[in-house]
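Student: Just so we're aligned: the sequence shown equals residues 5 to 92 in our numbering.
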Amino acid sequence: MRCPYCEFEGSRGDLHGHLATAHPEEVPTRLDEEGRLYYRIRCPYCGFQREQRVKPRWQDPGFLVEFRREIVLVAFDQLLYHLEGVHG
Ligand SMILES: [Zn+2]
Ligand SMILES: [Zn+2]
5 MRCPYCEFEG SRGDLHGHLA TAHPEEVPTR LDEEGRLYYR IRCPYCGFQR EQRVKPRWQD
65 PGFLVEFRRE IVLVAFDQLL YHLEGVHG
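1. Among C50, R46 and G51, which one has its Cα closest to the Cα of D81?
2. Rounded to whole angstroms, what is the Cα-Cα separation between M5 and K59?
3. Counting C-beta neighbours from all protein chains within 10 Å, is the total for L35 16 or more, i.e. buried, or is it exposed?
4. So what's E29 in DSSP terms, helix, strand or just coil?
5. Taking Cβ to Cβ, would you say E55 is nearer than 9 Å to Y43?
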């Protein structure tokens, strides 16, 4: 599979790791007024967007730093499903 953001190519697993390491800024997060955390993933090809809430146990302010990579991995897994399903 080909990285949607750069020239990288590899297996799905390789690409998943590459996305989390090289392009974490493509998964923005936000907090709403109630302190709920959301992440957003956007397809660079068709503009498909999905925003999802991060599980409530992750409300500790230290979470965002410590588990940022986990959020990014989950989000890119969803993007990879979308790429395979829609742009495969
Ligand atoms: Zn890349
Ligand atoms: Zn798309």
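Ideal placement from N, C-alpha and C gives every residue a C-beta, glycine not left out. Since the structure is predicted, the reported quantities are computational estimates derived from the model, not experimental observations.
Tutor: Taking the geometry as given:
1. Along the sequence shown, one-based indexing puts residue 81 at 77. Distances from the alpha-carbon of D81 to those of C50, R46 and G51 put R46 closest.
2. In the sequence shown, counting from the first residue as 1, residue 5 sits at position 1. In the sequence shown, counting from the first residue as 1, residue 59 sits at position 55. Computed Cα separation, rounded: 29 Å.
3. Along the sequence shown, one-based indexing puts residue 35 at 31. By the beta-carbon neighbour count (other beta carbons within 10 angstroms, threshold 16), L35 is exposed.
4. Here residue 29 refers to the residue found at position 25 of the sequence shown. Residue state, collapsed to three classes: helix.
5. In the sequence shown, residue 55 corresponds to position 51, counting from 1. In the sequence shown, residue 43 corresponds to position 39, counting from 1. The answer is yes: Cβ separation under 9 Å.
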